[in-house]
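Numbering (my numbering), first residue to last: 443 to 628.
The C-beta atom is built at its ideal place from N, Cα and C for all residues, glycine as well.
These notes are about the structure you will find just below.
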């Protein structure tokens, strides 16, 4: 029965992938991530569970996030991220590029909200910046960098974002302020 479920899920996903055609995920720099996100939050993953979508064709892992600090928008005292992939009923679904988290993990998350009100990370893994404490300095740092500016304009800054968490916060807040400024009319 598990083999049968796996085969049905595989065939459903195979059909979905052919119908989707070749899809390319656009590179998102800091301004892009900030602009396309309804919220940017430094938070901690406090719980996770797997569940089926309404038609039982896809498995999602639902992560509960406890915000430490909002840098853009507000999603409440806690919120859930619905990310594709996970293990449920003896079936494992892996989605390339979809973020996965462990309970207790801290990260800066760029989050968008779909029309049904469900939250996901913007740009798959691009919108996740794991946070850890540096063993030498004791400072919180992000474990990856992102280019400043926008990948969609020629004004992108070649230097990547800073790795010290508070400096990264400042860069995000500057990016959010740029997004709020009205565009110049030509």
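Integer Cβ distance of residue 588 from residue 577, believed to fall under 8 Å: As a position in the chain shown, residue 588 is number 146, starting the count at 1. As a position in the chain shown, residue 577 is number 135, starting the count at 1. In fact, because the Cβ distance is near 23 Å, the residues do not count as touching under 8 Å.
Assign residue 520 to buried or exposed, taking buried as 16 or more other Cβ atoms, counted over all protein chains shown, within 10 Å of its Cβ. The residue you call residue 520 lines up with position 78 of the chain shown. It counts as exposed.
For residue 617, name the three-state secondary structure that DSSP assigns. Reading the chain shown from its first residue, position 175 is the one you call residue 617. The answer is helix: DSSP assigns residue 617 an H, G or I state.
Report yes if the C-beta distance between residue 539 and residue 567 is below 7 Å; otherwise report no. Here the question's residue 539 lines up with position 97 in the chain shown. Here the question's residue 567 lines up with position 125 in the chain shown. Against a cut-off of 7 Å, the Cβ pair of residue 567 and residue 539 comes out as a contact.
Buried/exposed call for residue 474, threshold 16 Cβ in 10 Å: Here the question's residue 474 lines up with position 32 in the chain shown. Residue 474 is buried by the Cβ-count criterion.
Please go through the region 529-611 and give each complete beta strand (DSSP E) segment of 3 or more residues, from N-terminal end onward. 533-535, 548-555, 561-563, 570-575, 582-584, 599-602
On a CA-only basis, which of 544, 552, 536 is nearest residue 500? Give me that one, please. Taking the chain shown and counting its residues from 1, one reaches residue 500 at position 58. Ranking the options by Cα distance to residue 500, first place goes to 536.
Whose C-beta lies closer than 8 Å to the C-beta of residue 574 among residues of the same chain, with five residues either side of it excluded? For the purposes of this step, residue 574 is taken as the residue at position 132 of the chain shown. Excluding residues within five positions, the ones whose Cβ falls inside 8 Å are 548, 582, 583, 585.
Spatial neighbours of residue 529 within its chain, please: CB distance less than 8 Å, with the 5 preceding and 5 following residues excluded, ordered by chain position. Within the chain shown, residue 529 is the residue found at index 87, counting from 1. Closer than 8 Å at the Cβ level, and outside the excluded window around residue 529, lie 492, 501, 535.
DSSP three-state label for residue 517, please. By 1-based counting over the chain shown, the position of residue 517 is 75. The answer is coil: DSSP assigns residue 517 none of H, G, I, E or B.
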